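Per our numbering, the sequence shown runs over residues 251 to 466.
Okay, so here's the structure we're looking at.
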Amino acid sequence: MGKTALLIIDMQKGFCLPGAPFEVPVAMDVAKKIKEALEACRKDGLPVVHVFRYYRADGSDVELTRYGGFIKAGGSLVRGTESAEILDDLKPVEGEYLVVKQRWSAFFQTELDLLLRRLGVDQVVVTGVQTPNCIRATVWDANSLDYEVIVLTDATGAKTKEVHEANLFDMKNIGIQLMTTEEFIKSLPNPPRQNLVATIREEIEKKKTVPEPPEY
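Right, dumping it as structure tokens:
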């Protein structure tokens, strides 16, 4: 059996603190739930990966769709500035992994996939902000890369409850597992698995044929 890793995405002061340029209003409440999950994972020895953004001071690597906000804010999430810092309660400790991203997905042009595979991880638990952007993009890429994915519904969040729930609905419809932080912690050290790869292999062995893809 593979390993499970906790991904903590974009829990930086520039996204989380009240009045921050890219503030997600529920971020500080989300942070409390992430802290609970983080402490449980540390206790059980699960790998923890902190994923965050650094922008260049001149904005040359900022997404086109965010560039206007970056300029309006006078620069944000620039390496070495307070806005780029991870929240104090969630700061990485020795032995945890750091991955810097420049775009929405934690997997896009980063070493995350290689890191997880070297660690023997085949299931990721996704937390952070915000749901329709970096969480959704990361979940979709993880699914495309054949990771089993759990999203903690109260350890992720968006600017509105409606947007958050709509995106969770979409994720559930493609086979992503949704759990609360409490449910996840109770399941440790062995979170529930769908064992999709094993199921497919078993089906192929039975039929000696490749099963037809599902119709949508």
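Every residue, glycine too, gets a C-beta built ideally from N, C-alpha and C.
All of these numbers come straight from a predicted model, not from anything done at the bench.
Rounded separation between L438 and K322 - CA only: 44 Å
Contact check, Y305 vs V312, beta carbons under 9 Å: yes
Beta-carbon gap between I357 and L418 smaller than 9 Å: In the sequence as displayed, the identity of residue 357 is Phe instead of Ile. Going by C-beta atoms, F357 is not nearer than 9 Å to L418.
Alpha helix (DSSP H) segment containing G318, residue limits: 314–322
DSSP-derived helix/strand/coil call for K456: helix
Whole-angstrom C-beta distance between I435 and A290, which should lie under 8 Å: 5 Å
Separation of K457 from Q380, as counted between CA atoms: 43 Å
Exposed unless 16 or more other CB atoms sit within 10 angstroms - verdict on S333: buried
Inside the region 346–429 only - beta strand (DSSP E) runs reaching at least 3 residues: 347–351, 371–379, 398–407, 427–429
Continuous alpha helix (DSSP H) stretch holding L288: start and end: 277–294
Three-way DSSP call (helix, strand, coil) for K253 in this model: strand
Cβ-Cβ distance between D420 and Y397 below 9 Å: no
Delimiting residues of the alpha helix (DSSP H) encompassing F302: Per DSSP, F302 belongs to no alpha helix (DSSP H); it is in the beta strand (DSSP E), 298–303.
Extent of the continuous alpha helix (DSSP H) to which F437 belongs: Contrary to the premise, residue 437 reads as Ser rather than Phe in this sequence. First-last of the alpha helix (DSSP H) with S437: 431–437.
Neighbourhood of G378 by C-beta, 8 Å cutoff - its chain only, sequence neighbours within 5 removed: L257, I258, I259, D260, M261, V280, I284, V301, C384, I385, A405, T406
Beta-carbon proximity list for M278, same chain, < 7 Å, skipping 5 on both sides: C266
Residue from A287, V413, T403 whose Cα sits closest to the Cα of D339: A287
Buried/exposed call for S310, threshold 16 Cβ in 10 Å: exposed
Bridge partner(s) assigned by DSSP for I259: V301, G378
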